[in-house]
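S.K.: Got a structure for you, questions after.
There are 2 protein chains.
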Amino acid sequence: MELLLHTFSKHINITEQELTVVLNRMRKKTVKKKQYLLQADQVAKDAAFVVSGCLRSYSIDDNGFEHILQFAPPGWWITDMFSFISEQPGNLFIDAIENTELLLLSRKDQLALFDELPKLERYFRIVTEKSLVNSRQRLVENLSLTAKERYERFCNIYPTLINTLPQKQIASFIGVTPEFLSKMKSQWLKG
Amino acid sequence: MELLLHTFSKHINITEQELTVVLNRMRKKTVKKKQYLLQADQVAKDAAFVVSGCLRSYSIDDNGFEHILQFAPPGWWITDMFSFISEQPGNLFIDAIENTELLLLSRKDQLALFDELPKLERYFRIVTEKSLVNSRQRLVENLSLTAKERYERFCNIYPTLINTLPQKQIASFIGVTPEFLSKMKSQWLKG
DNA sequence: CGCGACGTTGATTTGCCTCAACGATTGTGG
DNA sequence: CCACAATCGTTGAGGCAAATCAACGTCGCG
Numbered sequence: 004m005e006l007l008l009h010t011f012s013k014h015i016n017i018t019e020q021e022l023t024v025v026l027n028r029m030r031k032k033t034v035k036k037k038q039y040l041l042q043a044d045q046v047a048k049d050a051a052f053v054v055s056g057c058l059r060s061y062s063i064d065d066n067g068f069e070h071i072l073q074f075a076p077p078g079w080w081i082t083d084m085f086s087f088i089s090e091q092p093g094n095l096f097i098d099a100i101e102n103t104e105l106l107l108l109s110r111k112d113q114l115a116l117f118d119e120l121p122k123l124e125r126y127f128r129i130v131t132e133k134s135l136v137n138s139r140q141r142l143v144e145n146l147s148l149t150a151k152e153r154y155e156r157f158c159n160i161y162p163t164l165i166n167t168l169p170q171k172q173i174a175s176f177i178g179v180t181p182e183f184l185s186k187m188k189s190q191w192l193k194g
Numbered sequence: 004m005e006l007l008l009h010t011f012s013k014h015i016n017i018t019e020q021e022l023t024v025v026l027n028r029m030r031k032k033t034v035k036k037k038q039y040l041l042q043a044d045q046v047a048k049d050a051a052f053v054v055s056g057c058l059r060s061y062s063i064d065d066n067g068f069e070h071i072l073q074f075a076p077p078g079w080w081i082t083d084m085f086s087f088i089s090e091q092p093g094n095l096f097i098d099a100i101e102n103t104e105l106l107l108l109s110r111k112d113q114l115a116l117f118d119e120l121p122k123l124e125r126y127f128r129i130v131t132e133k134s135l136v137n138s139r140q141r142l143v144e145n146l147s148l149t150a151k152e153r154y155e156r157f158c159n160i161y162p163t164l165i166n167t168l169p170q171k172q173i174a175s176f177i178g179v180t181p182e183f184l185s186k187m188k189s190q191w192l193k194g
C-alpha cells in the first residue's frame, strides 16, 4: 500500500519487506458514510489507518451533545486510545464522514509487531508524541482563545475540510453551538 | 534511585545494570519554590523526572492569564513536549510549587538510550500513550462539563493537592477565574 | 413530492468574567 | 519580634460571550 509506506517513511526508514510484514497483520475494511466503526461501551480492538475517505471520533455528553475530538483524513491513524491500550470499553464513537477505506491493526498484532520490528515501535512512539503535542495545544487554545479565534485557527489548520464538512461538525469541533457559529459567520461578512 | 526504578517497573522489567545505564545519562538538579525550570521562548532540552517536591507547566495567553496544563508530583515526568521533540523554542513555563529535586534527561541522551536500550523506548511509548489518553479526556471534559463539575472532578483526581495548592492555581487548572471558584465554593456550603 | 437534517435569524437567558473594594494570610527586612 | 508590603481569598455590582428556545427557509434524498 503506497500511502502506508509513505506515511511510515516520514518518521522511519522501512524496507518493502518490512512493510509486507506489517501489512500481513492488517485487515482491509470499508465503512460507508454515516456508519460506525466504533461505538461507546465497545472495546476498541483496532487502530485504523485511513486510506481514503474520512473518519471522525467524538464523545456524546449527558445532554446528548457531540464533542468531536479528531478528524482522520487519508494518511491518519484513529482509534479510541483509552480503550485500545486498556482493553476496556471506551466512551468514544467513530464514524465515517464519507465512504472510507481502512487498514485495521489490532492491539495484539501491534504489540507483536513491536517485538518483531522495533522500528515500528519507534514509529508509533513518534506519532503518539506528536498527537500529545497536538492535544495539549488544543487544550490551551480552548482555554485561552475566543470562539472567533478558534474558528480562524480551524480554517487555517483544515482549509480543505471547511467546504466539505457540515457546519454543525465544525461547531462541535471548536466547541460552540451551530447557531452561534452561524451568527459569527454572518457578522464576519459585515465587519 | 529508588523512585525511578519503581516508576520504570510499572511498565517494563528493568535490571539494576540497565537502570545504571540510564542514570549515567541523567543529571541531578534542584529547583527552589517559585523558580523556573523552563520559560517560554526557550528550547526544552530536557525532560524532568520529579524525585521530590512538585512542578507545574502552564502557558500564558495574550491577556496575561496562566493556563496550567499539568502538575508533576514525585514519580512524574514533565517537559514542554513540543519544544522537546522539535528542538524549537516553546511557549510553556515550568516552575516549582515547592522545593523540588529532579533528574534531567536531554532529548539527545534519550534518543541515544532508545538505541542502546529498546526497553526504554517501550517505556516512553507507553507513558506517552497514557498522557495522550489523559489529555484527550481533559479536552472532552472542558467541552462538556460545567465549571462546578470540573471542580468536583479535580477534587476526585487530586485529593492530595487540594489543601496544598493555592486556590488560584486550581482555578487556572479547571479553567475559571479565582473569583468565580471562590463563589462556587461558598454556594457549595449553602446547597 | 414530502420528509428530515441542516442553516439562519431573533428574543431571551445564563454562566462566567470584569472591576473594585476589603479582610486574611504570608513572608520579609529592619 | 514587629511593621509593612505583597499576595491571596472573599464578596458585590454590573457586563458580555455564548447558550437556549423557537420559528422559518432550504436543500438533498428516498
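Those protein sequence lines, which keep their order, are chains A and B.
Offset between the first sequence (1-based) and this note's numbering: plus 3.
Offset between the second sequence (1-based) and this note's numbering: plus 3.
From the three backbone atoms N, C-alpha and C, an ideal C-beta is built for every residue, glycine too.
From a predicted model like this one, the values you see are computed outputs, not experimental measurements.
Confirm, please, whether the CB-CB distance from A/L106 to A/M4 is below 8 Å.
M.R.: Against a cut-off of 8 Å, the Cβ pair of A/L106 and A/M4 comes out as a contact.
S.K.: Cutting at 6 Å between CB atoms, please list the residues of its own chain near B/H14, excluding the five before and the five after it.
M.R.: Taken in chain order, the residues that qualify are Y126, I129.
S.K.: Checking the sheet assignment: what are the DSSP bridge partners for A/S55?
M.R.: According to DSSP, A/S55 bridges with A/E104.
S.K.: Tell me, please, which residues DSSP counts as bridged to B/Y39.
M.R.: Beta-bridge pairing links B/Y39 to B/D98.
S.K.: Are the region 144-153 of chain B and the region 33-45 of chain B touching by the rule of at least three beta carbon pairs closer than 8 Å?
M.R.: Touching, no, given that fewer than three Cβ pairs across the two stretches are closer than 8 Å.
S.K.: Answer yes or no: the CB of A/P92 versus the heavy atoms of the ligand MG, is any distance below 7 Å?
M.R.: This structure does not include the ligand MG; it has no bound ligands of any sort.
S.K.: DSSP state of A/R128, grouped into three classes?
M.R.: Three-state result, A/R128: helix.
S.K.: Start and end of the alpha helix (DSSP H) containing A/R30?
M.R.: Taken as a continuous stretch (DSSP letters only), A/R30 belongs to no alpha helix (DSSP H), being part of the beta strand (DSSP E) at 30-34.
S.K.: Per DSSP, what kind of secondary structure is B/I17 in: helix, strand or coil?
M.R.: Reduced to three states, the DSSP call for B/I17 is coil.
S.K.: Just confirm the distance between the C-beta atoms of B/Y39 and B/D98, as a whole number of angstroms; I'd bet it's less than 8 Å.
M.R.: That belief holds up - the Cβ atoms of B/Y39 and B/D98 are roughly 5 Å apart, short of 8 Å.
S.K.: Going by the DSSP bridge assignment, what does A/F223 pair with across the sheet?
M.R.: There is simply no residue 223 of chain A to check, as chain A begins at 4 and stops at 194 in what is shown.
S.K.: Taking the alpha helix (DSSP H) that B/Y161 belongs to, which residues open and close that run?
M.R.: Segment: none, B/Y161 is in no alpha helix (DSSP H) and carries neither H nor E.
S.K.: At what residues does the alpha helix (DSSP H) containing A/K111 begin and finish?
M.R.: It spans 110-119 - the alpha helix (DSSP H) in which A/K111 sits, taken as one unbroken run.
S.K.: Starting from the Cα of B/W79, find the closest Cα among B/L142, B/F11, B/L116, B/E69 and give me that residue.
M.R.: Comparing Cα-Cα distances from B/W79 to each of B/L142, B/F11, B/L116, B/E69, the minimum goes to B/F11.
S.K.: Kindly indicate which residue of A/I71, A/L95, A/T163, A/E104 has the alpha-carbon position closest to the one of A/S174.
M.R.: What sits at residue 174 of chain A in the sequence shown is Ala, not Ser. Closest by alpha carbon: A/I71.
S.K.: Are A/V54 and A/E90 closer than 8 Å when you measure CB to CB?
M.R.: Not closer than 8 Å, so no.
S.K.: Could you pull out every residue in the same chain whose Cβ sits closer than 8 Å to the Cβ of B/G178, ignoring the five residues on either side in sequence?
M.R.: Cβ neighbours of B/G178 beyond the five flanking positions: H70, N145, A150, R153.
S.K.: Among the candidates A/V143, A/E21, A/I160, A/K171, whose CA atom is the shortest distance from the CA of B/R95?
M.R.: The question names Arg, but residue 95 of chain B is Leu in the sequence shown. Cα-wise, what sits closest to B/L95 is A/V143.
S.K.: Which value, in whole angstroms, describes the spacing of the CA atoms of A/F74 and A/K48?
M.R.: Looking at the two C-alpha atoms, the distance is approximately 19 Å.
S.K.: Tell me the DSSP bridge mates of A/E69?
M.R.: Note: A/E69 sits in a beta bridge opposite A/I63.
S.K.: Which residues in chain A have a C-beta closer than 7 Å to the C-beta of B/M4? List them in chain order.
M.R.: The contacting residues do not exist; B/M4 stays about 23 Å from chain A at best.
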